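Beneath this line is the structure, given in structure tokens, with notes to follow.
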Amino acid sequence: MAARRPLIVGNWKMNGLTASLGEARALAEKAAASRPVAELGLCPPATLVAAMANALKDSAVGADVIKVGGQDCHARASGAHTGDIAAEMLKEAGAAYVIVGHSERRADHGETSEMVRAKAAAAHRAGLIAIVCVGETLAERDAGATLKVVTAQIRGSLPDDATAANTVVAYEPVWAIGTGRTPTTAQVAEVHGEIRKDLLARFDEGAGFRILYGGSVKPDNAAELMAVADVDGALVGGASLKAADFWPIVAAKGLQ
Ligand code: 13P
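Here the numbering used here runs 6 ahead of the position in the sequence shown, where the first position is 1.
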């Protein structure tokens, strides 16, 4: 099994207008200059997916330095689902990834692991890499239920056709998202180790899946978090909005 290539993905959430594309270009220029070993992705709001993909393609550095992704997709390829976006539409707009099952969607839109699993399968159908998010709430952690919750989410959210090539797992403790709080490295290692064990038990390629950590990853804590066993990269929210903040995080994992 080849070594897992680090992956650093920015999730812009509901932030970004056309003017923000300059940040993506700035990041692409930094990446082109230092050729990180890591794969880099940016997931802007759906309104910017095509524009960002084009901006990165048009830049002198080429499209492959940073790939673009969506933040959610519908399970169906088309139909009467006002306001939803199909994985095929993201693919046509230039996306390579789609995030599914982010805790903000699980909480704000009542998404269950069963729904997330259908969305991940839709991503695969469309030729996208699904970035499947899992993570416990603070109440669940305090109750000692972290591993049980995360394992149930992993089992429920990954479709049977998941492979190391078409699926990435992101562990994002809900209480660490946007709070400035992060788990200890021992807590991260424990959960990532458990996820790896589960992947190995279910999938032939379990050793090859990349497992990202997300939740208040910042320039000043990235090196420590990225050095933890079975942490193959990061899913970054707030600190991905500015190239000047995101680049040091890329450098923490991607320039070795
Ligand atoms: P923050 O990096 O802003 O905590 O967000 C993490 C996240 O939810 C990425 O998907």
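Positions of the beta carbon are idealized from the N, C-alpha and C atoms, including for glycine.
Treat the numbers as computed from the prediction; the structure is a model and nothing was measured.
Nearest candidate by alpha-carbon position, reference residue i, set the options
i, options, result
"residue 313", "83, 75, 100 and 46", "In the structure as shown, the chain begins at 7 and stops at 262. Residue 313 is therefore absent and cannot be evaluated."
"residue 161", "189, 130, 115 and 212", "212"
"residue 245", "223, 135 and 190", "223"
"residue 141", "183, 114, 134 and 130", "183"
"residue 148", "214, 181, 231 and 215", "181"
"residue 159", "56, 74, 241 and 143", "143"
"residue 168", "189, 187 and 137", "137"
"residue 215", "106, 171 and 118", "171"
"residue 201", "257, 219 and 230", "219"
"residue 253", "189, 11, 45 and 25", "45"
"residue 186", "227, 72 and 57", "227"
"residue 135", "86, 198, 175 and 146", "175"
"residue 153", "179, 173 and 164", "179"
Residue i: CB within 7 angstroms of a non-hydrogen atom of the ligand 13P
i, result
"residue 108", "yes"
"residue 84", "no"
Three-state class that DSSP yields for residue i in the structure shown
i, result
"residue 211", "coil"
"residue 201", "helix"
"residue 191", "helix"
"residue 17", "strand"
"residue 248", "coil"
"residue 61", "helix"
"residue 116", "coil"
"residue 82", "coil"
Query raised in the report: Would you call the region 187-197 and the region 120-127 in contact, with 3 or more CB pairs under 8 angstroms?
Result: no
**Report entry** Contact between the region 20-27 and the region 78-85 (3+ Cβ pairs under 8 angstroms)
**Finding:** no
Requested in this report: Indicate whether the contact test is met: 3 or more Cβ pairs, each with one atom in the region 230-248 and one in the region 203-212, closer than 8 angstroms.
Outcome: Judged by pairs of C-beta atoms under 8 angstroms, the region 230-248 does not touch the region 203-212, as fewer than three such pairs exist.
Query - Contact shell at 6 angstroms, judged by CB to any heavy atom of the ligand 13P, ordered along the chain - result: Residue selection by CB proximity (closer than 6 angstroms to any heavy atom of the ligand 13P) returns 17, 108, 178, 183, 184, 220, 221, 222, 223, 241, 242, 243, 244 and 245 in chain order.
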